[in-house]
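The block underneath contains the structure these notes are about, expressed in structure tokens.
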Amino acid sequence: MGSLGLAVTSMAAAKPTPSLASSPSLGLSNEKSFASLHSSDFLETSTSRASFRLEISHHRRLPAELRWKPSAATLSGPVVAVAKPEPVKIMISGAPASGKGTQCELIKKKYGLVHISAGDLLRAEIAAGTENGKRAKEYMEKGMLVPDEIVVMMVNGRLLQPDAQENGWLLDGYPRSLSQAAALEDLGIRPDLFILLDVSEEVLIERVVGRRLDPVTGKIYHLKYSPPENEEIAARLTQRFDDTEEKIKLRLKTHRQNVEAVLSIYKDVIFKVNGDAPIEDVFAEIDKALSSVLEKKLRTDSSSMAAGMTS
917 MGSLGLAVTS MAAAKPTPSL ASSPSLGLSN EKSFASLHSS DFLETSTSRA SFRLEISHHR
977 RLPAELRWKP SAATLSGPVV AVAKPEPVKI MISGAPASGK GTQCELIKKK YGLVHISAGD
1037 LLRAEIAAGT ENGKRAKEYM EKGMLVPDEI VVMMVNGRLL QPDAQENGWL LDGYPRSLSQ
1097 AAALEDLGIR PDLFILLDVS EEVLIERVVG RRLDPVTGKI YHLKYSPPEN EEIAARLTQR
1157 FDDTEEKIKL RLKTHRQNVE AVLSIYKDVI FKVNGDAPIE DVFAEIDKAL SSVLEKKLRT
1217 DSSSMAAGMT S
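Position 259 (the sequence shown) corresponds to 1175 in this note's numbering; numbering is contiguous.
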């Protein structure tokens, strides 16, 4: 998906196009404004004083149902400008084993949003030797948590990069605390939608305890839901040290405490999804919510553009 781009360029007065100016089916005459349709992507309207060219560009990421299509009403009446909607900004949160990683991949694939994980970003900045990366590494080497202000600056810098500004972003698992959320608010960073994957503790524990890692390929298996293909692979699988019932319960308790504080800031944009459901059902719900956000942005920006052209 993507956005609907609009460019309106003032040009010198042009002569009426005979084929359309004289067409009774369009209800146009030489004394009135008329339209000349040169292709499915270009529309020109002319008056006695000026000519305007309206360029419509279709991008792959915009779904077919949201793409602007010229109709008979559009051609016979005034042209309503369609604005380019602001990029979509999404935050997604979920407990360990909630399926957040899978849903992020599906969202990124369909909507073309820039996927940003604070953990991945932190590791990348350390590897690149950036100033923030060097500061973060000092804390990590001492066994200390990286201060919020360092991570927030990393996240803010990434969100300001051209690809995120143009295509929109999907911020994965961040913010995780009230202080982090407040810091993002102070920087003017706020999502259009905060997706919360709500999974029961019983299901989460089952998912975590049954996880296994193939140290050769790096692939994650689950003894019940995604078992290894053969005995050879099964024999070499390992379990993460913290994928035990005791440790996952502690992690879930910490997660619940943190997420409740974060939700207090985003309560007006929260979209809660039942993460116990199958993957495709979870994504279907998320997909509907994101489509609704896009459609609302498109309507709002189109109205603003139309108002600006008539004022």
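Backbone N, C-alpha and C fix where the C-beta goes; we use that ideal spot for every residue, glycine too.
A quick note: this is a predicted structure, and the numbers were derived from the prediction, not measured.
Under a three-way DSSP split, which group does residue i fall into?
{"i": "Y1182", "result": "coil"}
{"i": "F1187", "result": "strand"}
{"i": "V1111", "result": "Looking at the sequence itself, residue 1111 is Ile, so the reference to Val does not match. Looking at I1111 - three-state DSSP - the assignment turns out to be strand."}
{"i": "I1105", "result": "coil"}
{"i": "R1156", "result": "coil"}
{"i": "F958", "result": "Note that F958 scores 35 on pLDDT, short of 50, meaning its location in the model is unreliable; the coordinates nonetheless yield the value given after this. Residue state, collapsed to three classes: strand."}
{"i": "Y1229", "result": "Residue 1229 lies beyond the residue range present for the chain, which begins at 917 and ends at 1227; the question has no answer from this structure."}
{"i": "A1095", "result": "The sequence given here has Ser at residue 1095, not Ala. If DSSP states are grouped into helix, strand and coil, S1095 belongs with the helices."}
{"i": "M1056", "result": "helix"}
{"i": "L1076", "result": "coil"}
{"i": "G1028", "result": "coil"}
{"i": "V924", "result": "Bear in mind that the predicted position of V924 carries a pLDDT of just 35, short of 50, making it unreliable; the figure below should be weighed with that in mind. If DSSP states are grouped into helix, strand and coil, V924 belongs with the strands."}
{"i": "G1010", "result": "strand"}
{"i": "L1214", "result": "helix"}
{"i": "S1033", "result": "strand"}
{"i": "S945", "result": "Per-residue confidence for S945 stands at a pLDDT of 37, beneath the threshold of 50, marking its modelled position as unreliable; the derived number appears in the next sentence. Three-state DSSP puts S945 in coil, outside helix and strand."}
{"i": "L1061", "result": "coil"}
{"i": "S1229", "result": "There is no way to answer for residue 1229, as the model of the chain reaches only from 917 to 1227."}
{"i": "L1129", "result": "strand"}
{"i": "K1005", "result": "strand"}
Just to confirm before moving on: does the CB-CB distance between residue i and residue j stay below 7 Å?
{"i": "L1229", "j": "I1121", "result": "Look at the range of the chain in this structure, 917 to 1227, and you will see that residue 1229 is not part of it."}
{"i": "V1189", "j": "V1178", "result": "no"}
{"i": "I1006", "j": "L1109", "result": "yes"}
{"i": "V1124", "j": "I1186", "result": "no"}
{"i": "V1030", "j": "A1097", "result": "no"}
{"i": "D1192", "j": "V1119", "result": "yes"}
{"i": "V1067", "j": "A1034", "result": "yes"}
{"i": "G1017", "j": "N1083", "result": "no"}
{"i": "L1103", "j": "N1072", "result": "yes"}
{"i": "E1021", "j": "K1213", "result": "no"}
For the candidate residues the options, whose alpha-carbon lies nearest to that of residue i?
{"i": "L884", "options": "R1106, A1097 and K1050", "result": "With the chain running from 917 to 1227 in the structure shown, residue 884 is simply not present."}
{"i": "M1069", "options": "T1046, L1153, L1086 and G1084", "result": "T1046"}
{"i": "A1011", "options": "P1143, L1214 and R1172", "result": "R1172"}
{"i": "P1131", "options": "P1063, E1148 and K1140", "result": "E1148"}
{"i": "F1176", "options": "L1210, R1092, G1126 and N1048", "result": "According to the sequence as given, residue 1176 is Glu; it is not Phe. Here the closest residue by C-alpha is R1092."}
{"i": "A1100", "options": "P1078, D1064, G1134 and L1168", "result": "A small fix is needed here, since residue 1100 is Leu in this sequence, not Ala. Cα-wise, what sits closest to L1100 is D1064."}
{"i": "D1159", "options": "G1126, S1142, K1169 and N1174", "result": "G1126"}
{"i": "I1032", "options": "A1044, S1009 and S1014", "result": "S1009"}
{"i": "S1180", "options": "L1094, I1195 and K1140", "result": "L1094"}
{"i": "S1014", "options": "V1062, E1057, I1111 and K1058", "result": "I1111"}
{"i": "T1154", "options": "E1145, G1059, A1044 and G1134", "result": "G1134"}
{"i": "K1026", "options": "D1203, P1078, R1215 and E1211", "result": "D1203"}
{"i": "A1268", "options": "T1170, E1162, L1139 and M1056", "result": "Any question about residue 1268 goes unanswered here, given that the chain covers just 917 to 1227."}
{"i": "Q1019", "options": "R1215, E1201 and M1056", "result": "E1201"}
{"i": "Y1141", "options": "A1044, I1195 and R1156", "result": "I1195"}
> Any contact of the region 1082-1092 with the region 1112-1119, i.e. 3+ C-beta pairs under 8 Å?
Replying inline: Under the three-pair Cβ rule at 8 Å, the region 1082-1092 does not count as touching the region 1112-1119.
>> Closer than 8 Å is the cut-off here; do at least three beta carbon pairs connect the region 1202-1215 with the region 1045-1063?
In response: The count of Cβ pairs closer than 8 Å, one atom from the region 1202-1215 and one from the region 1045-1063, stays below three, leaving the stretches out of contact.
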